[in-house]
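S.K.:
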Amino acid sequence: IFTMDLYNMAGSPSTRAIIMTAKALGVELNSKNVNTFVGEQLKPEFVKINPQHTIPTLVDNGFVVWESRAIVVYLVEQYGKKDSPLYPEDPQKRALINQRLYFDMGTLYDSFAKYFFPLLRTGKPGSQESLDKVNNAFGFLNTFLEGQDYVAGNELTVADIVILATVSTTEMVDFDLSKFPNVDRWYKNAQKVTPGWDENMKRLENAQQFLKDNMIEKLKV
Amino acid sequence: TIGNMDFYYSPGSSGCRTVLMTAKALGVELNKKYLNTREGEQLKPEFVKLNPQHTIPTLVDNGFSIWESRAIAIYLVEKYGKDDSLFPKDPKKQAVVNQRLQFDMGTLYDSFANYYYPLFRTGQPGTPEDFKKIETAVGFLNTFLEGQDYVAGDHLTVADIAILATISTFEAVDFDLSKYPNVDRWYKSAQKVTPGWDENVEGVQRLKDMVNAKKAEHKKN
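Residue numbers (the working numbering), protein chains in the order written: chain X, 2 to 222; chain R, 5 to 225.
1) Mapping DSSP to helix, strand and coil, what is asparagine 9(X)?
2) Tell me, please, whether the stretch 125-134 of chain X touches the stretch 192-204 of chain X by the rule of three or more beta-carbon pairs shorter than 8 Å.
3) Following the continuous beta strand (DSSP E) through aspartate 61(X), name the residue where it begins and the one where it ends.
4) Report whether the distance from the Cβ of arginine 122(X) to the nearest heavy atom of the ligand ZN is below 7 Å.
5) Note down, in chain order, each residue of its chain lying with its Cβ closer than 8 Å to the Cβ of leucine 39(R), except the 5 sequence neighbours on either side.
6) List the endpoints of the continuous alpha helix (DSSP H) containing asparagine 186(R).
7) Is the Cβ of phenylalanine 107(R) closer than 8 Å to any Cβ of chain X?
8) For arginine 101(X) versus valine 152(X), is the C-beta distance shorter than 8 Å?
9) Which chain X residues sit within Cβ distance under 9 Å of tyrosine 120(R)?
10) List the endpoints of the continuous alpha helix (DSSP H) containing tyrosine 151(X).
11) To which residues of the same chain is isoleucine 171(R) closer than 6 Å at the C-beta, ignoring the five residues directly before and after it?
12) Just to confirm before moving on: does the CB-CB distance between histidine 222(R) and glycine 127(R) stay below 8 Å?
13) Taking buried to mean at least 16 other C-beta atoms within 10 Å of its own C-beta, is valine 39(X) buried or exposed?
14) Closest to threonine 55(X) by CA distance: which of Asn36(X), Phe64(X) and Lys115(X) is it?
15) Run through DSSP, which three-state label would tyrosine 38(R) get?
16) Mind checking the stretch 45-61 of chain X against chain R and listing, in chain order, the residues whose C-beta falls within less than 7 Å of any C-beta there?
17) State the DSSP-derived secondary structure class of aspartate 10(R), mapped to helix, strand or coil.
18) Under 8 Å between C-beta atoms, does phenylalanine 174(R) make it to chain X?
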């Protein structure tokens with residue numbers, strides 16, 4: 002029996018990155034929803050699987066891995082064709098992809114989450130300082146994309162997919178991508194060429210609805 | 005042959021020390037170029053040309069510029085390693101190393117920075133809540149190290165080196181590791197088996213000197 006379970010929250014950017022990667026590889030995932038808003042990740046059965054109890058977590062026939070950017074690389078290496086363009090073997094190409102993945106984690110997604118997630122949860126935005134960091138991060142991405150169709154090299158890689166999951170999250174808030182023309186151009190193209198984009202959008206729309214419903218409840222109180 | 009390997013760094017920086025130790029482990033010689041980031045040397049046009057994100061560490065390998073310490077460490081192993089032991093090629097083993105590296109960036113070092121960087125800047129640390137996050141993160145590391153000599157598998161990898169750089173940075177602020185017996189045990193052992201440890205110690209001491217200077221400065225004011 003072949004089982005590939007993904008413990009996830011449907012709308013989260015990290016989950017969406019994995020969904021699109023799996024689509025690109027033709028890998029089927031068995032989705033197991035874990036609602037972290039109500040602490041479902043702290044159930045003993047899940048902590049047994051992942052002692053850090055974070056989502057997304059992948060369980061590939063008993064092999065457990067978490068951290069979305071580790072998962073997407075694992076999926077390509079395990080299930081992609083040899084020297085897959087999504088994560089090529091050449092050390093220099095890989096290094097560039099890896100740098101973009103760490104940039105997403107530590108700078109792009111990090112700044113976005115710190116400014117916008119409080120906004121989505123409470124209706125109150127983060128500080129001006131944290132908004133400046135978001136604009137700085139998108140500015141760097143804009144520079145990386147100068148004269149480039151993809152974020153790391155000449156072809157679609159896991160770096161594009163992960164950064165697409167992050168950047169598409171801006172659809173949920175009032176963020177003007179046109180200030181970053183290279184990012185805007187890349188984003189419009191990435192939507193057309195990235196497998197699983199429709200699924201990504203659907204999950205974003207569902208997440209937006211979920212938050213609307215939850216925030217309305219908060220306002221009533 | 006290796007040729008010209010310029011390494012832009014600051015000795016106190018944890019990420020820089022990760023690369024220094026990895027290079028030592030591989031027998032790779034770096035042409036070290038110190039950048040004083042407190043005086044904004046990384047913003048000089050010549051450096052921004054090499055790295056538009058103007059961060060350290062940055063490695064320039066015969067014209068190929070790469071940044072993000074963990075991406076650099078992996079690159080060095082893949083390009084110059086005699087074997088894959090520091091960064092296994094096996095997808096599952098590699099996935100564990102990657103997860104630990106991303107835990108280091110996004111959880112462990114992140115918690116340290118959130119609490120202690122304000123201390124370095126203003127003399128005031130972060131909140132008690134921020135400190136709790138450090139304890140939680142080190143707690144996770146302690147769990148990962150239950151019955152394990154290394155952080156990711158059964159031998160030294162770049163994950164040990166990166167986390168060693170991080171944990172040694174905790175020494176600059178006298179963080180008490182004894183409450184985390186597995187981490188304490190691993191830390192004592194890692195110092196003995198990781199090449200380049202002495203240089204790491206020097207870097208941490210530089211950082212400690214800076215921290216103490218800042219503390220004295222703020223006491224006066």
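The beta carbon of each residue, even a glycine, is placed where N, CA and C say it ideally should be.
M.R.: Let me lay it out:
1) strand
2) no
3) 58-61
4) In terms of ligand content, the structure shown is empty, and the ligand ZN therefore cannot be addressed.
5) Tyr12, Tyr13, Ser14, Glu45, Gln46, Phe51 and Ile60
6) 185-197
7) yes
8) yes
9) Chain X residues near tyrosine 120(R): none, gap ~17 Å exceeds 9 Å.
10) Tyrosine 151(X) -> no alpha helix (DSSP H), and no H or E assigned at all.
11) Tyr191
12) yes
13) exposed
14) Asn36(X)
15) strand
16) Pro52 and Gln53
17) strand
18) no
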